[in-house]
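**Student:** Residues in the sequence shown are numbered consecutively from 448, following this note's numbering.
Backbone N, C-alpha and C define an ideal beta-carbon position, used for all residues, glycine too.
On a predicted model such as this, the values are computed, not experimentally measured, just so you know.
Quick one: this structure, given as structure tokens, is what I'll be asking you about.
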Amino acid sequence: MPTRTLVESMLRDDATIDAGALYDVAGELGMTDQQVRLCIKRLVADGQFVQDGRGRKAVLRATDELRSTITPDLDYLRLMYAQDRGDAPWDGRWHVVAFAVPESVRPARDAMRDAIVRLGGAAVQGGLYVSPNDWGGEIADAAEQLAIAEHVTTLTTTDLSVGGTDEPRVVAAHLWPLHDIAERHRRLLAVAGRALSALPDASPTAQLTVAIELAAEFTRAVEPDPLLPPELLPQPWIGVAARAKVADCWAELLKSDAPQRIKLFQWYSEVVAEVAARSSSAASV
Numbered sequence: 448m449p450t451r452t453l454v455e456s457m458l459r460d461d462a463t464i465d466a467g468a469l470y471d472v473a474g475e476l477g478m479t480d481q482q483v484r485l486c487i488k489r490l491v492a493d494g495q496f497v498q499d500g501r502g503r504k505a506v507l508r509a510t511d512e513l514r515s516t517i518t519p520d521l522d523y524l525r526l527m528y529a530q531d532r533g534d535a536p537w538d539g540r541w542h543v544v545a546f547a548v549p550e551s552v553r554p555a556r557d558a559m560r561d562a563i564v565r566l567g568g569a570a571v572q573g574g575l576y577v578s579p580n581d582w583g584g585e586i587a588d589a590a591e592q593l594a595i596a597e598h599v600t601t602l603t604t605t606d607l608s609v610g611g612t613d614e615p616r617v618v619a620a621h622l623w624p625l626h627d628i629a630e631r632h633r634r635l636l637a638v639a640g641r642a643l644s645a646l647p648d649a650s651p652t653a654q655l656t657v658a659i660e661l662a663a664e665f666t667r668a669v670e671p672d673p674l675l676p677p678e679l680l681p682q683p684w685i686g687v688a689a690r691a692k693v694a695d696c697w698a699e700l701l702k703s704d705a706p707q708r709i710k711l712f713q714w715y716s717e718v719v720a721e722v723a724a725r726s727s728s729a730a731s732v
């Protein structure tokens, strides 16, 4: 885990980090005090944090710039778990976006492409991308922010043929790197399984370490995941099992007060609490 990721993960609900706790968790992760000190120095120099005090007694205060960049997309997480539960079935429609941006605004063109890929879009050919999820609002917002809305076209279709086939699951396998996505979720499942075994007897510092390691692995697995609906994925899909195991870990962490003030924990536990509530409601019906 990069030292910067650890530091950002330790942010509390008042936008501060206790340096003593940071050094303790870093030690659990095999990081040296020198690594942490250098990372803090860089983050302060970059304007991400303000430091009050020195060494383990210091308090780091996150700037507005940092806080605006590290909040996870909770709606994305909610959709992910809704798909896993079967509560967000695919309607059979493909959402397509095309753009032809002049060379004079090449940075905006590149930024638009990056935004589309972040939203889970796959390239059909140059300047033409597709997703099974309704991304109209997000695409419009990105185009507007980049001032290239007049160069962007969107459409929806149920008739998409790629590489000579129109069978949706084959199309998805052709367009998205499903093997790589599955491998990342296999690693996540293994990490979550070890975490779930370790949590019941873990000390507060160890619990916090597990939570941060788990969140980092979770991010590595799901951040590049286009969230294809189950109808387009091989079955059974490893992502469902991996994310269910992660939810079990966060539910276990909810039983402890140790990590409650950590913002990272609050972000993920908010969604997991919703997942647990829905699961309990379904079981009682």
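(1) Does the contact criterion of 3 or more C-beta pairs under 8 Å hold for the segment 672–681 versus the segment 468–484?
(2) Exposed or buried, proline 579, counting other C-beta atoms within 10 Å across all chains shown (16 or more means buried)?
(3) Between the segment 586–595 and the segment 642–654, are three or more C-beta pairs nearer than 8 Å?
(4) Considering Cα atoms alone, identify which of Ser703, Arg553 and Gly686 is closest to threonine 666.
(5) Per DSSP, which one or two residues make a beta bridge with tyrosine 576?
(6) On the DSSP bridge assignment, give the partners of leucine 507 in chain order.
(7) So, helix, strand or coil for leucine 602, using DSSP?
(8) Keeping to the same chain, check which residues put their C-beta closer than 7 Å to that of alanine 462; ignore five residues upstream and five downstream.
(9) Among the candidates Ala658, His598, Arg451 and Met457, whose CA atom is the shortest distance from the CA of aspartate 493?
(10) When DSSP builds the beta bridges, which residues end up paired with threonine 612?
(11) Restricting to runs no shorter than 4 residues, where is the alpha helix (DSSP H) found entirely within the segment 635–667?
(12) Helix, strand or coil for isoleucine 709 per DSSP?
(13) Where isoleucine 487 and serine 456 are concerned, what is the direct C-alpha to C-alpha distance, given to the nearest angstrom?
(14) Going by DSSP, what residue range makes up the alpha helix (DSSP H) through lysine 702?
(15) Does the pairing of the segment 632–643 with the segment 686–698 give three or more beta-carbon distances under 8 Å?
(16) Between the segment 535–555 and the segment 565–577, do at least 3 Cβ pairs fall closer than 8 Å?
(17) List the endpoints of the continuous alpha helix (DSSP H) containing isoleucine 487.
(18) Please name the residue in Glu585, Leu453, Val599 and Asp465 whose C-alpha comes closest to that of threonine 479.
(19) Taking a contact to mean a Cβ-Cβ separation below 9 Å, would you say leucine 607 touches valine 618 in this structure?
(20) Assuming alanine 662 and leucine 625 are in contact, meaning their beta carbons sit under 8 Å apart, how far apart are those beta carbons, in whole angstroms?
(21) Do you know how far the Cα of aspartate 672 is from the Cα of phenylalanine 496?
(22) Nearest-angstrom Cα distance between alanine 730 and leucine 622?
(23) Looking only at its chain, what residues have a beta carbon closer than 6 Å to the beta carbon of histidine 632, apart from the 5 residues adjacent to it on each side?
(24) Excluding the five sequence neighbours on either side, which residues of its own chain have a C-beta within less than 8 Å of the C-beta of valine 506, listed in chain order?
(25) Short of 7 Å in beta carbon distance, which residues of its chain neighbour alanine 570, apart from the five on each side in sequence? Order them along the chain.
**Tutor:** Quick answer:
(1) no
(2) Mapped onto the sequence shown, residue 579 falls at position 132. Buried is the label assigned to proline 579, since at least 16 other Cβ atoms lie within 10 Å of its Cβ.
(3) With contact defined as three or more Cβ pairs closer than 8 Å, the segment 586–595 and the segment 642–654 are not in contact.
(4) Within the sequence shown, the letter at position 219 stands for residue 666. Threonine 666 has its Cα closest to that of Gly686, out of Ser703, Arg553 and Gly686.
(5) Against the sequence shown, residue 576 aligns to sequence position 129. Tyrosine 576 is bridged to Val544 and Ala570.
(6) For the purposes of this step, residue 507 is taken as the residue at position 60 of the sequence shown. According to DSSP, which records beta bridges pairwise, leucine 507 is partnered with Ile464 and Gln498.
(7) Within the sequence shown, residue 602 is the residue found at index 155, counting from 1. Correct three-state label for leucine 602: strand.
(8) If you number the sequence shown from 1, residue 462 lands on position 15. Cβ neighbours of alanine 462 beyond the five flanking positions: Arg508, Ala509 and Arg514.
(9) Reading the sequence shown from its first residue, position 46 is the one you call residue 493. Checking every option, the nearest Cα to that of aspartate 493 belongs to Arg451.
(10) To locate residue 612, count along the sequence shown from 1; it is residue 165. According to DSSP, which records beta bridges pairwise, threonine 612 is partnered with Val609.
(11) none
(12) For the purposes of this step, residue 709 is identified with residue 262 of the sequence shown, where counting begins at 1. In the structure shown, isoleucine 709 sits in a strand (DSSP, three-state: E or B).
(13) Reading the sequence shown from its first residue, position 40 is the one you call residue 487. Reading the sequence shown from its first residue, position 9 is the one you call residue 456. In a straight line, the C-alpha of isoleucine 487 is about 13 Å away from that of serine 456.
(14) On the sequence shown, residue 702 is found 255 positions in, with the first residue counted as 1. Looking at the DSSP string, lysine 702 is not in any alpha helix (DSSP H), and its letter there is neither H nor E.
(15) yes
(16) yes
(17) Translated into positions along the sequence shown, residue 487 becomes position 40. Where isoleucine 487 is concerned, the enclosing alpha helix (DSSP H) stretches over 480–492.
(18) To locate residue 479, count along the sequence shown from 1; it is residue 32. Among Glu585, Leu453, Val599 and Asp465, the Cα nearest to that of threonine 479 is on Leu453.
(19) The residue labelled residue 607 in the question sits at position 160 within the sequence shown. The residue labelled residue 618 in the question sits at position 171 within the sequence shown. Yes, they are a contact pair.
(20) Residue mapping note: residue 662 aligns to position 215 of the sequence shown, counting from 1. Residue mapping note: residue 625 aligns to position 178 of the sequence shown, counting from 1. That belief does not hold up - the Cβ atoms of alanine 662 and leucine 625 are roughly 24 Å apart, past 8 Å.
(21) As a working note, residue 496 is residue 49 in the sequence shown. As a working note, residue 672 is residue 225 in the sequence shown. Rounded to the nearest angstrom, the two C-alpha atoms are 30 Å apart.
(22) For the purposes of this step, residue 730 is taken as residue 283 along the sequence shown, with counting starting at 1. For the purposes of this step, residue 622 is taken as residue 175 along the sequence shown, with counting starting at 1. For alanine 730, the predicted model reports a pLDDT of 48, less than 50, meaning its position is unreliable; a value from the coordinates is still stated below. One C-alpha to the other measures close to 37 Å.
(23) For the purposes of this step, residue 632 is taken as the residue at position 185 of the sequence shown. Here the set comprises Ala668, Ile685, Gly686 and Ala689.
(24) Here residue 506 refers to the residue found at position 59 of the sequence shown. A distance below 8 Å between beta-carbons, with the five flanking residues on each side excluded, links valine 506 to the following residues of its chain, in chain order: Thr463, Ile464, Asp465, Ala466, Gln498, Asp499 and Gly500.
(25) Against the sequence shown, residue 570 aligns to sequence position 123. Cβ within range, chain order: Tyr576.
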